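> Take my numbering: the final residue in the sequence shown is number 1526, and no numbers are missing along the way.
All C-beta atoms, glycine included, are put in the ideal place defined by N, C-alpha and C.
All figures in this text were calculated on a predicted structure; none of them were measured in a lab.
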Amino acid sequence: MTKPESPNPQSPAKPVTFPALDPDRCWRAVEDRDGAFDGQFFFGVLTTGIFCRPSCSARRPLRKNVRFFSDVAAATEAGLRACKRCHPLDVGKESAEVETIRALCAFIRAGADSGDPMTLEVLSRESGLEVPVLRRQFKRVTGQTPRQFVEMCRFEILRDGLRRGDGVTDAIYAAGFNSASRVYDQSDRRLGMPPSQFRAGGRGAEISYALTDSSLGRLMVAATDRGLCFVALGDDDGALIEELHGDFPRATIRPSAGDSALLNESFRQLTAHLDGSLPHLDLPLDVRATAFQAQVWRYLQSIPFGETRTYTDVARALGRPKAARAVGTACGSNPVSLAIPCHRVLRSSGSLAGYRWGLERKKTLIENERRALKA
């Protein structure tokens, strides 16, 4: 039996039992703002009289002022009020919504290659949600419409088949597509190149590249005729060129003659962006991604200039609160950093995590953006 201190001396709190809670583990979750624990417990701050979910983004309180509660009833019985920032009273509702959409995503993945139509009506029957509610909740949890998610899953299956060396036509129909023309219409955006070229590891793709000095060292950009496919920072031109060849082992790669309008415009925007004078980039991209990578990268592009998120924040926003490590992997595999700002994602503790081009560059990028906002 534990008796929490009262946040209000005039209204002593009743004794409250907190079964099965490990205070040390709970505190680590609060320190990390770990959304995976939302709904498993709540923490109250005695000095403010507020209780929150573990992922609350408010400034962390002192440990001595914190008590842990197994449910909302225990927190309110202790005389605490719900936080207006993280809305702990909504946790149960959100958890049910996320679980419903997560189950629906699993249903889509399991049947994506069947060729059967994944219409809104089919998904509505499977989930038990009315179509308007389904659309709204699916977009809120996954960041995509149901149709976009179905196509992402099918292109992921197609990508795996092509990598195994399956014939292009066989791979297309094995992925659940009923029309090859639809695949070719979207192959530039989804695969970064036509299916036959993707199957050959980029064979036949022509990539030009250029290097220049920037405030953070040597800046390298490379592009196909569809858009940027590689952006890198480093100190050694040879190492950067070798890395480009490693990403596209079968493509034809050559230095630019200096007459590429896309590369020249990329240099102009990226160098200004590095200095913090151009918040928003507007450059065409030609990148290949799995369905999950595409979700993560799309979310990264939505993080406002000068702001940061944690890996757990991103995972929660995608409806996969336990996928923080997978989010980190997706950030690390981003081939066009800066254009897709993976530097804006930090550890749950707020410290810098690994960055492909070095932690000092990541730190400088974040500082430059914050400085530009204050200017």
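For Arg1522, collect the residues of the same chain with a Cβ closer than 8 angstroms to its Cβ; drop the 5 residues on either side in sequence, then sort them by chain order.
For Arg1522, where only same-chain residues beyond five positions count, the Cβ hits under 8 angstroms are Gly1427.
> Would you mind giving the Cβ-Cβ distance between Cys1380 and Ile1358, rounded to the nearest angstrom? I have them listed as a contact below 8 angstroms.
Right, their Cβ atoms sit about 6 angstroms apart.
> Report, in whole angstroms, the separation of the C-beta atoms of Leu1413 and Gln1420, which I expect to be a contact under 8 angstroms.
Going by Cβ atoms, the distance from Leu1413 to Gln1420 rounds to 11 angstroms, so no, they are not a contact pair.
> Can you find the residues in the same chain that come closer than 8 angstroms, C-beta to C-beta, to Ala1445, ignoring five residues on each side of it along the sequence?
Result list for Ala1445: Met1303, in chain order.
> Excluding the five sequence neighbours on either side, which residues of its own chain have a C-beta within less than 8 angstroms of the C-beta of Leu1497, listed in chain order?
Around Leu1497: Thr1459, Arg1460, Thr1461, Tyr1462, Leu1503, Ala1504.
> Just to confirm, is the Cβ distance from Val1478 to Val1382 under 8 angstroms?
Result no, Cβ atoms of Val1478 and Val1382 do not sit closer than 8 angstroms.
> May I ask you to list the residues that DSSP assigns as paired with Gly1195?
Per DSSP, Phe1202, Arg1218.
> For Val1465, name the three-state secondary structure that DSSP assigns.
Of the three classes helix, strand and coil, the one that applies to Val1465 here is helix, per DSSP.
> Could you have a look at Ala1254 and say whether DSSP puts it in helix, strand or coil?
In the structure shown, Ala1254 sits in a helix (DSSP, three-state: H, G or I).
> Give a yes or no on whether the C-beta atoms belonging to Cys1256 and Cys1237 are separated by under 8 angstroms.
No.
> What does the alpha-carbon distance come out to for the pair Leu1370 and Glu1416?
Their backbone Cα atoms lie some 13 angstroms apart in a straight line.
> Which same chain residues, not among the five before or five after Phe1258, have their C-beta less than 6 angstroms away from its C-beta?
Glu1277, listed in sequence order.
> Alpha carbon to alpha carbon, how far is Leu1432 from Ile1392?
Leu1432 and Ile1392: Cα-Cα distance of roughly 24 angstroms.
> Closer than 8 angstroms by C-beta to Val1123: which residues in its own chain qualify, once you throw out the five before and the five after it? Chain order, please.
With the chain covering only 1152 through 1526, there is no way to say anything about residue 1123.
> Could you check which residue in Lys1235, Val1284, Val1301 has the C-alpha nearest to that of Ala1261?
Checking every option, the nearest Cα to that of Ala1261 belongs to Val1301.
> Skipping 5 residues on each side, what residues in its chain have a beta carbon closer than 7 angstroms to that of Gly1352?
For Gly1352, the predicted model reports a pLDDT of 47, less than 50, meaning its position is unreliable and no value from the coordinates is stated.
> Please list, in chain order, all residues of the same chain as Tyr1335 whose beta carbon is under 6 angstroms from its beta carbon, the five residues on each side excluded.
Residue confidence is low: Tyr1335 scores 45 on pLDDT, short of 50, so the model does not pin down where it sits. Its coordinate-derived value is still stated next. Taken in chain order, the list of residues that qualify is empty.
> What number of angstroms, rounded off, separates the C-alpha of Phe1202 from the C-alpha of Lys1235?
The alpha-carbon atoms of Phe1202 and Lys1235 are separated by roughly 10 angstroms.
> One question on the structure: do Val1249 and Gly1470 come within less than 8 angstroms of each other, judged by their Cβ atoms?
Cβ distance < 8 angstroms, so Val1249 and Gly1470 count as in contact.
> Which whole-angstrom value describes the C-beta separation of Val1196 and Val1217, a residue pair presumed to lie in contact below a C-beta threshold of 8 angstroms?
Contact flag correct, Cβ pair sits at about 6 angstroms.
> Count the other CB atoms within 10 Å of the CB of Lys1215; is the residue buried (16 or more) or exposed (fewer)?
By the neighbour-count rule (16 or more Cβ atoms within 10 Å), Lys1215 is not buried but exposed.
> Taking the alpha-carbon of Arg1211 as reference, which of Ala1440, Ser1500, Glu1307, Asp1386 has the nearest alpha-carbon?
Of the candidates Ala1440, Ser1500, Glu1307, Asp1386, the one whose C-alpha sits nearest the C-alpha of Arg1211 is Ser1500.
> From Cys1482 to Glu1182, what does the alpha carbon distance come to, in whole angstroms?
The straight-line gap from Cα to Cα measures roughly 23 angstroms.
> Does DSSP put Gly1470 in a helix, in a strand, or in coil?
DSSP places Gly1470 in coil when its eight states are reduced to three.
> At the level of alpha carbons, what is the spacing between Asn1519 and Pro1455?
About 14 angstroms.
> Use the C-beta contact count for Leu1395: other C-beta atoms within 10 angstroms, 16 or more gives buried, fewer gives exposed.
Leu1395 comes out buried.
> Cutting at 8 angstroms between CB atoms, please list the residues of its own chain near Thr1296, excluding the five before and the five after it.
Cβ neighbours of Thr1296 beyond the five flanking positions: Arg1286, Phe1289, Lys1290.
> Given this structure, state the Cα-to-Cα distance separating Phe1220 from Thr1198, to the nearest angstrom.
Between Phe1220 and Thr1198, the C-alpha separation is close to 16 angstroms.
> In whole angstroms, give me the CA-to-CA distance for Leu1451 and Ile1491.
Cα-Cα distance, rounded: 6 angstroms.
> In three-state terms, what does DSSP make of Glu1458?
Glu1458 falls in the coil class under three-state DSSP.
> Among the residues of its own chain, which have a CB less than 6 angstroms from the CB of Phe1362, if the five just before and after it don't count?
One detail in the question is off: residue 1362 reads as Leu in this sequence, not Phe. Counting only Cβ-Cβ distances below 6 angstroms, and skipping sequence neighbours, we find Arg1369, Met1371, Asp1388.
> Using the rule of at least 16 other Cβ atoms within 10 Å of the residue's Cβ for burial, across every protein chain shown, is Arg1176 buried or exposed?
So Arg1176 counts as exposed.
> How far does the beta strand (DSSP E) with Arg1405 in it extend, from its first residue to its last?
Start and end: 1403 to 1406.
> Check whether the Cβ atoms of Phe1193 and Arg1184 lie closer than 8 angstroms to each other.
No, Cβ-Cβ distance for Phe1193 and Arg1184 is not below 8 angstroms.
> Start and end of the beta strand (DSSP E) containing Phe1418?
Run containing Phe1418: none in the beta strand (DSSP E); it sits in the alpha helix (DSSP H), 1412 to 1425.
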